[in-house]
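Engineer:
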Amino acid sequence: MPLRVYNTLTGDKQPFEPLTPGKVGMYVCGVTVYDDCHLGHARCYVSFDVIRRYLIRRGYDVTHVQNFTDIDDKIIQRAAERGEDPLTLAREYEKRYFEVFDRLGVRRADRYPRATEEIEGMIALIGRLIEKNHAYPSDGDVYFSTSSFAGYGKLSKRTPESMMAGARVEISEKKRDPLDFALWKKSKPGEPSWPSPWGDGRPGWHIECSVMSGKYLGDTLDIHGGGQDLIFPHHENEIAQSEAASGKPFVRYFLHNGFVTVDGEKMSKSLGNFRTLEELYRQVDPMILRFFILSTHYRSPLTFTAKKLQDAEAGLSRLREGRRHLTELLKLKISSGSDVEPGLAEWPAAVQAEFEDAMDDDFNTAEAIGAIFRMLSRVNQIYDRRAREGTVPAELSGALKKIAAWIEVTAADVLGVSLNAAPAPAGDSGEIEKLLAGRDAARKEKRYADADRIRDEIARLGYQIQDTPLGPRAVKKSVLT
RNA sequence: GGCGGCGUACCCAAGAGGCCCAAGGGAGCGGUCUGCAAAACCGCGAUUCACCGGUUCAAAUCCGGUCGCCGCCUCCA
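Set out below in structure tokens:
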């Protein structure tokens with residue numbers, strides 16, 4: 227089955243065919259580094275991380291570029307408020323970006339270009355646009371002339387008339403047309419600035435992505451991603467700049483993730499209803515957040531509530547328990563029995579096909595997770611019986627080995643969801659083991675009061691005892707309230 | 001006003017014409033296990049997909065309309 231992706235340009239799912247067979251150039255719009263990242267950012271970067279991982283899994287040679295916008299109005303403003311240098315502030319938040327996303331299991335991109343390090347390229351591109359009459363200088367600013375580009379509006383499906391009707395466009399006397407947008411902005415005294423043929427200034431927001439994507443991935447990108455709020459104006463403007471300059475299609479597939487909403491509203495900086503990732507990490511294992519995000523298709527709206535996070539925690543825990551059962555089954559002695567579950571021979575391949583079909587369908591992680599759960603349900607049934615028996619027939623063991631290898635590939639490598647429970651705090655585990663052994667001894671001697679007291683003691687340390695067919699064990703308790 | 005999207009069980013969420021009298025997760029209920037309890041595991045659970053019409057042999061899935069919700073059109077992932 228071919229991989230199909232939903233392309234915002236065409237508004238439907240299309241077979242995925244990169245420009246160069248076997249190679250994928252992927253550019254994802256990064257963050258403006260002036261504040262901490264929140265769940266909305268997490269959704270975007272986790273989604274594209276999984277998309278990238280799956281493409282790699284499918285054998286593509288993927289080059290992933292993600293920028294940092296390290297110069298813009300908000301950064302300048304924030305820096306001024308704090309009496310800090312804008313670039314110092316930007317570097318600080320860049321560092322924090324990596325801290326939170328590393329913990330979320332987001333693999334690092336191949337390259338993270340910064341706007342301030344690509345000014346030269348931007349000036350060159352702006353110059354080319356002026357030469358081609360797609361842009362014009364005006365009192366130290368430079369604007370892109372949207373009416374000079376026939377395809378303007380093709381991504382967001384708007385016509386110039388409808389955009390005017392909104393009457394929310396910024397009216398400026400410097401612009402020839404209200405729909406024109408800035409490529410270069412004249413700097414005010416005291417602001418960071420770079421020399422240019424049009425005077426000292428700094429780049430507009432959109433130009434950096436056109437320049438950096440072109441420089442590192444070529445004129446035509448296979449995939450360009452970002453949140454749905456970037457469709458207009460950001461990506462629309464990027465198309466205009468890049469295609470007006472190169473004359474080639476800018477992007478083959480535009481992919482956009484849906485929003486995170488809170489109390490029925492978009493989670494965003496301006497509404498002040500965001501939860502930063504750092505805050506959330508204090509309450510939940512980052513893997514729970516990742517699992518929560520992947521439980522919904524990346525294009526659907528995702529509503530954040532504490533209840534849903536709890537559901538996600540329970541779900542992830544079930545996933546981890548199932549994997550543990552699988553591991554324990556593989557440790558059992560092999561028996562010579564021939565009494566095995568029917569359909570074992572086809573099982574591993576069938577499970578794999580279900581997962582891949584789901585992912586091939588526009589990276590449907592919700593369905594793919596469903597496939598994993600269906601598989602684990604069967605593992606659990608087998609576990610229920612065989613753990614009691616204490617042995618597994620060779621044929622069953624063979625199938626389980628394949629399943630175990632497969633779940634590592636899908637869950638860990640593709641979805642990036644670690645199936646290992648959060649590690650015990652250092653020094654904790656020895657203590658727990660001792661208590662567990664003490665309780666077990668007490669139970670064997672029928673000193674139940676002692677056993678129960680030790681159980682409470684273990685609970686106080688944050689662990690829960692499970693009496694399983696294979697003996698007692700302690701697992702870390704939820705920290706969610 | 002223009003554009004885009006959404007509405008599936010108590011909650012969440014897959015599903016883009018027949019495999020659907022609709023996955024999967026959470027909660028609930030019943031059961032297994034257990035010294036007890038918990039956990040874990042197993043089982044049950046929508047004849048129905050916001051509503052009304054239409055197309056079709058066949059629709060949650062396509063078309064039209066109605067209602068409700070959200071997003072973009074201004075910085076935003």
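Quick note: the first sequence uses the working numbering, first residue 227, plus one each step.
Note that beta-carbon positions come from the ideal geometry of N, C-alpha and C, so glycine has one too.
Values in this document were obtained by computation on a predicted structure and should not be read as measured data.
Express the C-alpha separation of Glu462 and Met390 in angstroms, rounding to a whole number.
Structural biologist: If I take the Cα positions, the gap works out to 16 Å.
Engineer: Which residue's Cα is closest to the Cα of Phe476: Ala667, Lys495, Ile465?
Structural biologist: The option with the nearest alpha carbon to Phe476 is Ile465.
Engineer: Can you tell me the Cα-Cα spacing of Asp367 and Asp403, whole angstroms?
Structural biologist: Rounded to the nearest angstrom, the two C-alpha atoms are 14 Å apart.
Engineer: Name the DSSP beta bridge partners of His432, please?
Structural biologist: Its beta-bridge partners do not exist; DSSP assigns none.
Engineer: With distances taken between CB atoms, is the gap from Lys401 to Tyr369 smaller than 9 Å?
Structural biologist: Going by C-beta atoms, Lys401 is nearer than 9 Å to Tyr369.
Engineer: Measuring alpha carbon to alpha carbon, tell me which residue in Asp311, Gly548, Pro429 is nearest Asp298.
Structural biologist: The shortest C-alpha separation from Asp298 is found at Pro429.
Engineer: In whole angstroms, give me the CA-to-CA distance for Gly285 and Asp682.
Structural biologist: One C-alpha to the other measures close to 51 Å.
Engineer: Could you check what DSSP says for Leu555 in three-state terms: helix, strand or coil?
Structural biologist: It is helical.
Engineer: According to DSSP, which residues form a beta bridge with Trp420?
Structural biologist: Gly427.
Engineer: For Tyr674 and Arg546, I'd like the C-alpha separation in whole angstroms.
Structural biologist: Roughly 30 Å separates the two Cα atoms.
Engineer: Using 8 Å as the cut-off, can you tell me whether the region 627–638 makes contact with the region 548–568, which would need three or more C-beta pairs spanning the two stretches below that distance?
Structural biologist: Yes: at least three Cβ pairs fall under 8 Å.
Engineer: Going by alpha carbons, who is nearest to Phe242 out of Asp693, Lys660, Ile449?
Structural biologist: For the residues Asp693, Lys660, Ile449, the minimum Cα distance to Phe242 belongs to Ile449.
Engineer: CB Arg478 to CB Thr446, shorter than 9 Å?
Structural biologist: Contact: yes.
Engineer: Terminal residues of the continuous beta strand (DSSP E) containing Pro404?
Structural biologist: Neither: Pro404 is in no beta strand (DSSP E) and is coded neither H nor E.
Engineer: Give the DSSP bridge partners of Lys533, in chain order.
Structural biologist: Answer by DSSP bridge pairing: none, since Lys533 is not bridged.
Engineer: Grab the span of the beta strand (DSSP E) containing Val288 for me, first residue to last.
Structural biologist: Per DSSP, Val288 belongs to the beta strand (DSSP E) from 287–292.
Engineer: If we ignore side chains and look at the alpha-carbon of each, how far apart do Pro423 and Glu469 end up?
Structural biologist: Each residue's alpha carbon lies about 23 Å from the other.
Engineer: Put Lys628 into one of helix, strand or coil per three-state DSSP.
Structural biologist: Correct three-state label for Lys628: helix.
Engineer: From the DSSP output, read off the bridge partner residues of Thr342.
Structural biologist: Thr342 pairs with nothing; no bridge assigned.
Engineer: Quick one: any contact between the region 285–295 and the region 519–534, if contact means 3 or more CB pairs under 8 Å?
Structural biologist: With a cut-off of 8 Å, the region 519–534 and the region 285–295 do not count as touching, because too few Cβ pairs lie within range.
Engineer: Going by C-alpha distance, which of Glu504, Arg508, Lys533, Glu505 is nearest Phe518?
Structural biologist: Selected option, being the one with the closest Cα: Lys533.
Engineer: Count the other C-beta atoms from every protein chain shown that fall within 10 angstroms of the C-beta of Ser496, then say buried if there are 16 or more, exposed otherwise.
Structural biologist: The residue is exposed, with fewer than 16 neighbouring Cβ atoms inside 10 Å.
Engineer: With a 10 Å radius around its C-beta and 16 neighbouring C-beta atoms as the bar for buried, classify Pro512 as buried or exposed.
Structural biologist: The residue is buried, with at least 16 neighbouring Cβ atoms inside 10 Å.
Engineer: If you check the beta carbons only, do Asn499 and Gly453 fall under 9 Å apart?
Structural biologist: No, the pair does not count as a contact, with Cβ atoms beyond the cut-off.
Engineer: Here's a check: name, in chain order, each residue in its chain whose Cβ is nearer than 7 Å to the Cβ of Glu621, leaving out the five neighbours to either side.
Structural biologist: The residues are Val566, Leu570.
Engineer: Considering only residues of the region 641–700, which uninterrupted beta strand (DSSP E) runs meet the minimum length of 3 residues and lie entirely inside it, listed in chain order?
Structural biologist: With a minimum length of 3 residues, the continuous beta strand (DSSP E) runs that stay inside the region 641–700 are 689–694.
Engineer: Could you work out which residue in Asn646, Thr372, Arg669, Val640 is closest to Arg283 when comparing CA atoms only?
Structural biologist: Residue Val640 is the option with its Cα nearest to Arg283.
Engineer: Whole angstroms are fine: how far does the CA of Leu443 sit from the CA of Thr591?
Structural biologist: Looking at the two C-alpha atoms, the distance is approximately 27 Å.
Engineer: How about Asp262 and Val326: do their beta carbons lie closer than 9 Å?
Structural biologist: Cβ distance < 9 Å, so Asp262 and Val326 count as in contact.
Engineer: I'd like to know if the region 306–322 and the region 268–276 are in contact, where contact means that at least 3 CB-CB pairs between them fall below 8 Å.
Structural biologist: At 8 Å Cβ cutoff, the stretches do not touch.
Engineer: Pro574 by DSSP, collapsed to three states: which one?
Structural biologist: In this structure, Pro574 counts as helix in the three-state DSSP scheme.
Engineer: Return the Cβ separation of Val291 and Ser439 in integer angstroms, given the expectation that the two are a contact with Cβ distance under 8 Å.
Structural biologist: With 8 Å as the limit, Val291 and Ser439 qualify as a contact, their Cβ atoms being about 7 Å apart.
Engineer: Ser364 bridges to which residues according to DSSP?
Structural biologist: The partner list for Ser364 (beta bridge, DSSP) reads Asp367.
Engineer: Within 10 angstroms of its Cβ, does Gly427 collect 16 or more other Cβ (buried), or is it exposed?
Structural biologist: Buried, by the Cβ-count rule.
Engineer: Would you tell me roughly how many angstroms separate the C-alpha atoms of Thr707 and Leu265, rounded to the nearest one?
Structural biologist: Confidence is the limiting factor: at Thr707 the pLDDT is only 48, short of 50, which leaves the residue's position unreliable and the question unanswerable from this model.
Engineer: Assign Leu456 to one of three DSSP states: helix, strand, or coil.
Structural biologist: In this structure, Leu456 counts as helix in the three-state DSSP scheme.
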